[in-house]
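The structure appears below as structure tokens.
2 protein chains.
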Amino acid sequence: MYKNLRNHIESIVPLTDEEYTLVSSYFKIKFFKKHQFMVTEGELTSYNYYLVSGLTKLVYTDASAKQHILAFAMEDWWDTDYQAYFTQTKATLSLECLEDTQALCITLSDFHELCGALPKMERFFLEKVTRGFLASQRRILSLLTTSVQERYEQLIVQHPALLQRVPKTQIAAYLGVSREALSRLGPK
Amino acid sequence: MYKNLRNHIESIVPLTDEEYTLVSSYFKIKFFKKHQFMVTEGELTSYNYYLVSGLTKLVYTDASAKQHILAFAMEDWWDTDYQAYFTQTKATLSLECLEDTQALCITLSDFHELCGALPKMERFFLEKVTRGFLASQRRILSLLTTSVQERYEQLIVQHPALLQRVPKTQIAAYLGVSREALSRLGPK
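Chains as they are written, first to last, in numbering that gives the first Met the number 0: chain W, 0 to 187; chain A, 0 to 187.
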């Protein structure tokens, strides 16, 4: 599974074998079962996760216990409660497994140490965070300007593989509609 | 105005005089009048802007000519159509001045060259993009979970200085309500 991470990093910055040995020394492997929490609301968030396999949802639970899904993640995606991770404060979000999940994880202090030891990793993370920022801006624009029907159709076009694996109730929570309303939408 | 940029960068990474001379050599000064466009929808976006003074809005105009405001920016903030900037494609957004604005600007090729020449600038930009990403995630969550009334109150608390300077019609376009509906909201 370290090979996945190497290919993933090398899609942005090339690494020598020695450099990759250094990079991988900062990561630990973790295994999670379906429904297990990788990040738990109200607790400290020790890790940023690179998903080797599996599927997760990043969730905010409001005062009335309603779940709002901020993001899904699967193989080759990174996820955690980044606000909590970078500020080392308690999580306001939860990261829950929708399938058995294998992840490589890195602490914040190891993240800083790795970037200091191998500055090209800063370039890699800059590229990844920039892509995440652009995706967030597209989602904001989509929330401001499109209907739920249009957002559902965008999701089908942009992430067909995700749609196959995520239960419909979770898709509904991501779009902000009830399960029943989602059935009525359907792809046109 | 280069002093502003130096203080701004040094709030994250320290620079020697020589390093700062190098950094500033990659930036050009530009002056814009109120209502002038720094980025124009449908045209290429040459620059990422660091605002020395002034106020801007980043706008998406939909098929029915309705304006949706993605972000405001003022002194010490960065802004452009980042999707267009990083992919060197035509802008889908416009960046318009709401006041006379002075900005330091950098092209994408100079951005890459600067990061190559001075890797600590990669750390600076990584920190800035991460903050932008976190702010975007908070806005998504806010759009998913709060009412327009709550979003207006959040804006008053988080950006009081902005509220003083941005016309109410623009605040309404940011919140996604009509000017009349905004008057009825008022701060509680």
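Yeah, the Cβ is synthetic: ideal placement off N, Cα and C, and Gly gets one too.
Asked                                                                                                                                                       : Found
Which stretch, first to last residue, makes up the alpha helix (DSSP H) that contains W:S135?                                                               : K119 to T144
Return the CA-CA distance between A:T44 and A:F26, expressed in angstroms with no decimal places.                                                           : 15 Å
Less than 8 Å between the CB atoms is what I'm expecting for W:Y81 and A:Q157, so what's the real figure, rounded?                                          : Rounded, the Cβ-Cβ distance is 18 Å, inconsistent with contact.
List, in order along the chain, the chain A residues whose C-beta lies closer than 8 Å to that of W:I139?                                                   : L69, S135, R138, I139 and L142
Please state the DSSP three-state secondary structure of W:A70.                                                                                             : strand
Using a Cβ-Cβ distance cut-off of 9 Å, determine whether A:T44 contacts chain W.                                                                            : no
So what does DSSP say about W:D16, is it helix, strand or coil?                                                                                             : helix
Work out the CA separation of W:V58 and W:G41 for me, nearest whole Å.                                                                                      : 13 Å
Below 9 Å between beta carbons: does that hold for A:E18 and A:V51?                                                                                         : no
So W:P118 contacts chain A; which residues on that side make the cut at Cβ distance below 9 Å?                                                              : P118, K119, E121 and R122
Which of the three DSSP states, helix, strand or coil, is assigned to W:T79?                                                                                : coil
Which whole-angstrom value describes the C-beta separation of W:I139 and A:I139, a residue pair presumed to lie in contact below a C-beta threshold of 8 Å? : 6 Å
Residues in its own chain within less than 6 Å of W:M120 by CB, not counting five upstream and five downstream?                                             : L113 and C114
Buried or exposed, going by whether 16 or more other CB atoms sit within 10 Å of the CB of W:R122?                                                          : buried
Give me whichever residues DSSP pairs with W:N3 in a beta bridge.                                                                                           : W:N3 pairs with nothing; no bridge assigned.
Can you tell me the Cα-Cα spacing of A:A172 and A:Q66, whole angstroms?                                                                                     : 7 Å
Report the CB separation of W:T39 from W:S93 in whole angstroms; it is logged as a contact under 8 Å.                                                       : 6 Å
Taking W:D78 as the reference, give the member of W:V128, W:Q87, W:S63 and W:L117 with the closest Cα.                                                      : W:V128
Quick one: list the residues of chain A neighbouring W:T129, beta-carbon separation under 7 Å, in chain order.                                              : F85 and V128
Is any beta-carbon of chain A found at less than 9 Å from that of W:L125?                                                                                   : yes
For A:V58, which residues does DSSP report across the bridge?                                                                                               : A:I68 and A:S93
What first and last residue would you give for the beta strand (DSSP E) that runs through W:T106?                                                           : T100 to T106
Using a beta-carbon distance cut-off of less than 7 Å, what residues from the stretch 44 to 59 of chain A approach chain W?                                 : Y59
Sorted by chain position, which residues of the same chain lie with C-beta nearer than 6 Å to A:N193's C-beta, five sequence neighbours on each side aside? : Residue 193 of chain A lies beyond the range of chain A shown here (0 to 187); nothing can be said about it.
Using 9 Å as the limit for Cβ to Cβ distance, is A:G175 near chain W?                                                                                       : yes
Does the beta-carbon of W:F71 have 16 or more other beta-carbons within 10 angstroms, so that it is buried, or is it exposed?                               : buried
Strictly under 9 Å for the Cβ-Cβ distance: is A:Q157 near chain W by that measure?                                                                          : no
Could you check what DSSP says for W:F31 in three-state terms: helix, strand or coil?                                                                       : strand
Check for me: the beta strand (DSSP E) holding A:S52 runs from which residue to which?                                                                      : Y46 to S52
Taking Cβ positions only, does W:Q82 come closer than 9 Å to chain A?                                                                                       : yes
Could you tell me which residues DSSP puts in a beta bridge with W:L43?                                                                                     : W:K89
So which residues of chain A does W:F110 contact, with C-beta pairs closer than 7 Å?                                                                        : By Cβ distance, chain A contributes nothing, its closest Cβ being about 10 Å from W:F110, past 7 Å.
Return the CA-CA distance between A:D99 and A:L174, expressed in angstroms with no decimal places.                                                          : 24 Å
Within its chain, find whatever has a CB closer than 7 Å to the CB of W:Q148; leave out the 5 residues flanking it on each side and keep chain order.       : L184
Under a CB-based cut-off of 9 Å, is W:D78 close to chain A?                                                                                                 : no
Once you ignore the five residues that flank W:K29 on each side, which residues in its own chain have a CB closer than 7 Å to its CB?                       : A102 and C104
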